[in-house]
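Working notes, structure below.
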Amino acid sequence: MDNMQIMKGKMLRAGYICDDKVATVLYLAGAMKKPVLVEGPAGVGKTAIAQAFSQVTQLPLIRLQCYEGLDEAKALYEWNYKRQLLHIQAVANKNLSVQQVEEDIFSDNFLLTRPLLKSITSDSPTVLLIDEIDKVDFEFEAMLLELLSEFQITIPEIGTVRAQHQPFVFLTSNATRELSEALKRRCLYLYLDFPSKEMEKQILMLKIPNLPPSLAEKVAQVVRQLRGLELKKPPSIAESIDWAASLLWLGKEDLDVETTLQTLTTVVKYREDQEKLERIIYRDRDLNFRA
Amino acid sequence: MPVLQYLQAFFADLREQEIPVSTSQVRDCCQALLLIDWANRDYFYSTLFTTLVKDYSYQKAFDEVFERFFNEYLSPENRQYFQSVNSEQPSRSREVTAVSDYDIGMGTPMGKGGTAQAPGGKKNPLQQDFGRISAEELTSIEAMVPLLARRLAAKFVKKRKRNDQNRLDFRRTIRSSLSTGGIPLNLYTVRKYREKPVILILCDVSGSVMNFSCISLALIASLERFFQYIESYAFIDEVSDITGLLLSGNPLNFRGHVLRNARVVGVTGYTNYGRTLEQFHQRFRHRITRKTSVLIFGDARNNWQENGKWVLAQIKSQAKKVYWFNPEPVSQWNTGDSIINDYMPYCDKVFACPNLVELEKSLAKI
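Same order as they appear, the protein sequences are chains A and B. To convert, count from 1 in the first sequence and add 24; that's my numbering. To convert, count from 1 in the second sequence and add 10; that's my numbering.
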């Protein structure tokens, strides 16, 4: 058993099936203490990989969900100015020196730690997941760059906070925009694609323990076909798991045309996609989805 | 060949394929190689890939080089060699460190300049000229189009949001502060409402711009999915509304699809910008308002016919903006039957977009 096999086994126990390539990257990330940039289409398990990794390492997961307009106040730290104002009001007639009040209101008590600061100041190492990094502005990305290379944050009123334990960092991206070269260079790169039919079958059987192998195989096969079509949103792994689970709930042993039509809504979520698939199924009366 | 030189040659080859491999990446790679078992091909490949390649579009180029260098990698003698290196940890580590030092010392080029590159030597399909690509490469480029559309859409949305810098809604802030004894705990800002722009796209689908129009149509179709207010028209010497046609179907076949289902060929079948513009203005004039941006995709090769620039002047006076995207490099403008100069005064900007990278840059600028 080498390190990669051990990593694979651990990830499997955390509910994540990965191949040798993914295991290698994860192992290297752990050994080299480098951030991992995970790219790939929506729904291939980019976020899940960090969650599983935090389970494997038994470290707390701190998640920063990125969105447009995310700024340092939401990601790093913020002064709790409402409390500061109330504090000033409360001590207004207590004859304190201005300096004293200032020291009070800029102390840790009034500091709201946001995910990035939290992951740095934590007593134990953490797994930091920065989700959908491509959604933030360039300015924020530049700030992140500093954080990821130095693992320290400067707060003007307090000083520089240095990480006691370097966190394991995962960044995910849907490639809605090009990330900066500098950021990419700092990270190990991992591209996740949709799994092979065989692997998806394994995933289904892992996630739904009493799923019959024949049904798992059939679902994996049909979902794979669906992903080959030009759909607005190809089904993700989570959706294929949902689908298989709903089939099991309905007591279906096999996936046939009728069942597919009935349960199509669990696997494709857009009206246009559903209509398109229904058209193809009604035309062919089978599940081969020829173009 | 010793490992040192072999790896060195491998990195050099990657750079030759225009994969940007920096010195720090080389260092990471060497460091990572010390941590894994070289005898396992998957580990080995994955280690090199994850440290050296940071963009999925380079995978194909990387795989080619990797195959070339490490295909015979599992042959018995090589394996033995690697294993022997494997067992002598200290010496191997010294050797590998030497590689990265060597790399730093060399100050190797990053493969970015690329001016002396032979044509067609570029492995990133996005940078290839539309005029020169083969059908096969076209497919691979087209596969990137949805991604590009998504990137553009994100950029447009962001631009709009950034411009919505709101000023303080003083009245509302003070009003709510009354309930907290005059302390403004919550700040309110004025919301701005902006009109959504309408975009009209005119796309030349004639033979002279075949590759470009294939890509443009795929791109327009992808953009239509993000913006509800895009209307698209195709033409050769007749103009036809194709907004609905692009809503479904395989992007690869859009051009054929349009040619079959839309009336874009008129009497002659040769591209006629004058006639197209005139017709467009006649039939769809009511669609052009002060909110409308008109985008024209074409090479302005008019087969020596009437240019109809007065119509474009009218369109310009009616619309908010008029942009022209020309697939030819600037050096070819106004040569032969290209009459882009005639139209230039009536466009807010004319872009040269010989490849997809340029096209994306140009679109991002508007």
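Idealized CB from N, CA, C, for every residue including glycine.
Quick check on residue i: buried or exposed, where buried means 16 or more other Cβ atoms within 10 Å of its Cβ?
i       : result
E234(B) : buried
I151(B) : buried
H296(B) : exposed
D214(B) : buried
N282(B) : buried
W314(B) : exposed
L100(A) : buried
Y306(A) : exposed
A128(B) : Because the pLDDT at A128(B) is just 36, under 50, the model does not fix this residue reliably, and the point stays unresolved.
P355(B) : exposed
K57(A)  : exposed
P219(A) : buried
E126(A) : exposed
W320(B) : exposed
V281(A) : exposed
M31(A)  : buried
Y215(A) : buried
Using only the alpha-carbon positions, how far apart do residue i and residue j sit?
i       : j       : result
D308(A) : K276(A) : 22 angstroms
K293(A) : L271(A) : 17 angstroms
T33(B)  : F20(B)  : 14 angstroms
N176(B) : L197(B) : 11 angstroms
D310(A) : K242(A) : 13 angstroms
N81(B)  : F54(B)  : 12 angstroms
A166(A) : F237(B) : 29 angstroms
E338(B) : L287(B) : 20 angstroms
S144(B) : Q138(B) : 10 angstroms
M305(B) : A269(A) : Reading the sequence as shown, one finds Leu at residue 305(B) and not Met. Approximately 48 angstroms, taken between the alpha carbons.
S143(A) : V68(A)  : 26 angstroms
Y40(A)  : A76(A)  : 6 angstroms
R270(B) : I252(B) : 11 angstroms
F180(B) : L110(A) : 21 angstroms
A47(A)  : R25(B)  : 27 angstroms
E222(A) : L279(A) : 17 angstroms
Where does residue i fall in DSSP's three states?
i       : result
L52(A)  : helix
Q388(B) : Lying before the first or after the last residue shown, residue 388(B) is absent from chain B, which here runs from 11 to 376.
G183(A) : strand
C224(B) : helix
E277(A) : coil
V60(A)  : strand
D155(A) : strand
L214(A) : strand
V192(A) : First, the residue type needs correcting, since residue 192(A) is Phe and not Val in the sequence shown. If DSSP states are grouped into helix, strand and coil, F192(A) belongs with the strands.
T61(B)  : helix
V208(B) : strand
L178(B) : strand
E28(B)  : coil
C213(B) : strand
C241(B) : The identity of residue 241(B) in the sequence shown is Glu, whereas the question assumes Cys. In the structure shown, E241(B) sits in a strand (DSSP, three-state: E or B).
Q226(A) : helix
T183(B) : helix
I73(A)  : helix
I46(B)  : coil
T197(A) : The question names Thr, yet the displayed sequence has Ser at residue 197(A). In this structure, S197(A) counts as strand in the three-state DSSP scheme.
L157(B) : helix
I177(A) : strand
What distance in whole Å lies between the Cβ atoms of residue j and residue i, which are believed to be in contact at a cut-off of 8 angstroms?
i       : j       : result
E92(A)  : K159(A) : 6 angstroms
R293(B) : G318(B) : With a Cβ gap of about 14 angstroms, R293(B) and G318(B) do not count as contacting.
P149(A) : Q190(A) : 7 angstroms
L301(A) : L288(A) : 6 angstroms
L141(A) : P59(A)  : Their Cβ separation, rounded to whole angstroms, is 17 angstroms, which puts L141(A) and P59(A) out of contact at 8 angstroms.
T284(A) : L153(A) : Wrong, their Cβ atoms sit about 35 angstroms apart, outside the cutoff.
I209(B) : Y239(B) : 6 angstroms
Should residue i be flagged as near chain C, meaning a C-beta pair shorter than 8 angstroms?
i      : result
Q27(B) : Here chain C cannot be found, since the structure's protein chains are A and B.
### Message
Quick check for students: name the residue ranges of the alpha helix (DSSP H) that lie wholly in the segment 243-326 of chain B, counting only runs of 4 or more.
### Response
264-271 and 283-294, all fully within the segment 243-326 of chain B.
### Message
So within the segment 249-315 of chain A, which uninterrupted alpha helix (DSSP H) runs reach at least 4 residues, ignoring any that extend past its ends?
### Response
Within the segment 249-315 of chain A, the complete alpha helix (DSSP H) runs of at least 4 residues are 261-273, 281-287 and 295-308.
### Message
Which complete beta strand (DSSP E) runs does the segment 321-370 of chain B hold, if anything under 3 residues is left out?
### Response
You should have 331-336 and 359-362.
#### Entry: beta strand (DSSP E) segments (min. 3 residues) lying fully within the segment 89-173 of chain A
Every beta strand (DSSP E) stretch that sits fully inside the segment 89-173 of chain A and reaches 3 residues is listed by chain position as 101-103, 135-137 and 151-155.
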